[in-house]
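Each remark here refers to the structure printed beneath this line.
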Amino acid sequence: MSVTLKNNFEVLYNRYSVLGTKGIGSGRYYWEIRVSDEYTSKWGVGVCREDVDRKAWLRQCPEKGFWVVEYFYDSYYACTALNKRTTAYTYPGLRKDSPHLGVFLDYNGGDVSFYNMTDGSHIFSFSQVSFTGTLFPYFMIRSGTPSLTICSMVGGPKGTPVLLNKLPSSLNEQMSPPEEGLRSGSGGEDVLPGVESPLLPSGPRIVPP
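Those letters in the sequence shown? Residues 1 to 209, by the UniProt record's numbering.
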């Protein structure tokens, strides 16, 4: 599945949002997004509650049911409160690659974390959250002409169902061998997180695109 916005240069304050098709009410999940954009694009990804206000313009913060990182001008930002925005991550120097993010959601553990999957670096985490209700993957485009694409974790031809990976309920459960994962700073692509990541994927669930 991909989300693309074209010819949006005349619209300064509109926000175009799309939710994933599968709601999450428990457990641990993981998905990846590749972004094709330019320097001036503004977009965001994360999760939101099913009951968020979908008509009014509002700040995407936990009080409003959003746990999201937004990107613009080579930096990621997170709204941790109504009147507080944190600079989560800034690319050192000029960005060389298109953004490739991993989103790790632990519903019962109250954590949603974001990683740069190009080099394995941590971007930001919302921790110690008391989630209620159903959460949905959230994708937002605000300006420019970016394209947000959910990666297929198993490859295959175009149109292959996107995988939303179910993570183990306990880190004591069986996990992937360390050599198959992405280690911090490895620079690997198209591989799952390794033992150094807080959440490890296991038993992927297929979600219709």
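Cβ coordinates follow ideal geometry from the N, Cα and C atoms, glycine included. Bear in mind the structure is a predicted one, so any value in this text is a computation, not a measurement.
Whole-angstrom distance between Q128 and G65, CA atom to CA atom: Sequence index remark: in the sequence shown, residue 65 carries index 65 (1-based). Sequence index remark: in the sequence shown, residue 128 carries index 128 (1-based). Roughly 15 Å separates the two Cα atoms.
Along the chain, where does the beta strand (DSSP E) containing R85 start, and where does it finish? What you label residue 85 is simply residue 85 of the sequence shown in a count that begins at 1. R85 -> beta strand (DSSP E) spans 84-90.
For the beta strand (DSSP E) that contains L105, what are its first and last residues? Here residue 105 refers to the residue found at position 105 of the sequence shown. Its beta strand (DSSP E) spans residues 100-106.
Exposed or buried, which one is T40 when buried takes at least 16 other CB atoms within 10 Å? On the sequence shown, position 40 is the one that residue 40 refers to. Exposed.
Taking the alpha-carbon of M140 as reference, which of R28, F72, V45 has the nearest alpha-carbon? What you label residue 140 is simply residue 140 of the sequence shown in a count that begins at 1. It is V45 whose Cα lies nearest to the Cα of M140.
Relative to the C-alpha of Y73, which residue among P62, V52, S98, K84 is closest? Counting from one through the sequence shown, the residue named residue 73 turns up at place 73. Looking at the Cα atoms, S98 is the closest of the given residues.
Based on the DSSP secondary-structure assignment, which residues constitute the bridge partners of S113? One-based indexing of the sequence shown puts residue 113 at position 113. Note: S113 sits in a beta bridge opposite F104, S125.
Can you look up E63 in the DSSP assignment and give me helix, strand or coil? Against the sequence shown, residue 63 aligns to sequence position 63. Helix, per DSSP.
Does the segment 129-138 touch the segment 103-121, meaning 3 or more C-beta pairs lie closer than 8 Å? yes
Can you grab the Cα-Cα spacing for the pair G133 / Y29, in whole Å? Against the sequence shown, residue 133 aligns to sequence position 133. Against the sequence shown, residue 29 aligns to sequence position 29. Computed Cα separation, rounded: 16 Å.
State yes or no: is the C-beta of A81 within less than 8 Å of the C-beta of E70? Numbered from its first residue, the sequence shown carries residue 81 at position 81. Numbered from its first residue, the sequence shown carries residue 70 at position 70. No, they are not a contact pair.
With which residues is K42 paired in a DSSP beta bridge? One-based indexing of the sequence shown puts residue 42 at position 42. According to DSSP, K42 bridges with S143.
Residue from S121, S17, G102, Y115 with nearest C-alpha to W43: The residue you call residue 43 lines up with position 43 of the sequence shown. The shortest C-alpha separation from W43 is found at S17.
List the residues that DSSP assigns as beta-bridge partners of L135. Here residue 135 refers to the residue found at position 135 when the sequence shown is read from its first residue. In the DSSP output, where bridge partners are listed per residue, L135 has I24, R49.
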